[in-house]
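Undergrad:
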Amino acid sequence: MTRLLQLFRLGVVRQFLSWSGAWWFVVALAAGQILPPLIGLAVWRTVFPGSAQVSTYYLALLFTVATTASYENHTFSQGIYKGTLADELVKPQPVIMLPLSENVAVRAWIGLVAVPVIVLVGAMLTVPFEPGALLVALPFWLGAGLLRFLFTWCLAMTAFWSERVHAITAFGTTTLYLLGGNAVPINLLPSFWGDLARLLPFYSMLGLPADAAAGQAVQAGTAAIVQIGWLVLLGLAARTLWLRGLRRFTAVGG
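Residue numbers (the UniProt record's numbering): 1 to 254.
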């Protein structure tokens, strides 16, 4: 375990340094993550003028979106298409180490771009954050980051069977935007639809940590069970897709 943690740390550092040469691309990625919550903030502040909860929620959502971004459909799936995944298979470390370390490095860079925007907008709107609410949100944010990685990685592994992985991932991303609390805060939905949305994995990826950070009423025990349940299910799904996809990859590749 110590060796794996060391390899992971070195992988994150290496990926972080390698991405430093493409800062313009990082800014473009960050803009893609930052703009939707800012648009949502503008829209819903118009609907509820002067609402501190709306402002706090969308700034917390902006941070969550930026720091849980996943692009395995552009990284891992290309290794499948180009055959470079074979190089990772012979290395003395789990293959997941590369996409996971790159994921964390990219999130760190996007977070560095997003945090000044959050601070600036928060100062302009005088948005309050309670330290206690942030502590409650912390485990949900960590779970959301892992859940979003597993979700995107599962979609990326469809590259073993399909050449349309980007279209598949785009559908997943759109669904996440619509049902995760980005387009509409889940608390604003009618009771039945809101309760249903909270049981889906998308809310656990975005809206849950944002609601908790904004100090809105969250049934922490139930929310944690739902989030952990989806982590287990997506973890099992990722393992199944990997094992079956790997057999297909080795069969096609030689």
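Every residue, glycine too, gets a C-beta built ideally from N, C-alpha and C.
Here the structure is a predicted model, which is why all the values come from computation and not from measurement.
1. Taking only the alpha-carbon atoms, compute the straight-line gap between Ala170 and Arg239 and give it to the nearest angstrom.
2. Taking three-plus beta-carbon pairs below 8 Å as touching, is the stretch 52-60 in contact with the stretch 33-41?
3. Leu188 to Gln93, Cα distance in whole Å?
4. Going by CA-CA distance only, name the one from Val90, Pro185, Val218 and Leu206 that's closest to Arg45.
5. Name the residue from Trp24, Ala86, Ile225 and Leu98 whose alpha carbon lies nearest to the alpha carbon of Gln15.
6. Tell me the rounded alpha-carbon separation between Thr64 and Gly111.
7. In chain order, what residues of the same chain have a beta carbon less than 6 Å from the beta carbon of Val136, not counting five sequence neighbours either side?
8. Unbroken alpha helix (DSSP H) runs of length 4 or more, entirely within the stretch 95-137: which are they?
9. For Ile34, does the count of other Cβ atoms within 10 angstroms reach 16, so buried, or fall short, so exposed?
10. Does DSSP put Ala214 in a helix, a strand or coil?
11. DSSP state of Asn187, grouped into three classes?
12. May I have the straight-line CA-CA distance separating Val119 from Gly11, to the nearest angstrom?
13. Can you give me the start and stop residues for the alpha helix (DSSP H) that Glu72 sits inside?
14. Return the CA-CA distance between Val121 and Arg198, expressed in angstroms with no decimal places.
15. List the whole-angstrom C-beta distance separating residue 295 from Phe151, where the pair is believed to meet the contact cut-off of C-beta under 8 Å.
16. Mark Thr126 as exposed unless 16 or more other C-beta atoms lie within 10 angstroms of its C-beta, in which case mark it buried.
17. Which same chain residues, not among the five before or five after Arg164, have their C-beta less than 6 Å away from its C-beta?
18. With a threshold of 6 Å on Cβ separation, who are the neighbours of Ala60 within its own chain once the five nearest residues in sequence on each side are excluded?
19. Give every residue of the same chain whose Cβ lies closer than 6 Å to the Cβ of Phe202, excluding the five residues on either side of it in the sequence, and list them in chain order.
TA: Let me lay it out:
1. 22 Å
2. yes
3. 46 Å
4. Pro185
5. Leu98
6. 9 Å
7. Ala212
8. 97-125
9. buried
10. coil
11. helix
12. 30 Å
13. Segment: none, Glu72 is in no alpha helix (DSSP H) and carries neither H nor E.
14. 28 Å
15. Since the displayed the chain opens at 1 and closes at 254, residue 295 lies outside it and no answer follows.
16. exposed
17. none
18. Ala210, Ala213 and Ala214
19. Leu176, Leu179 and Gly180
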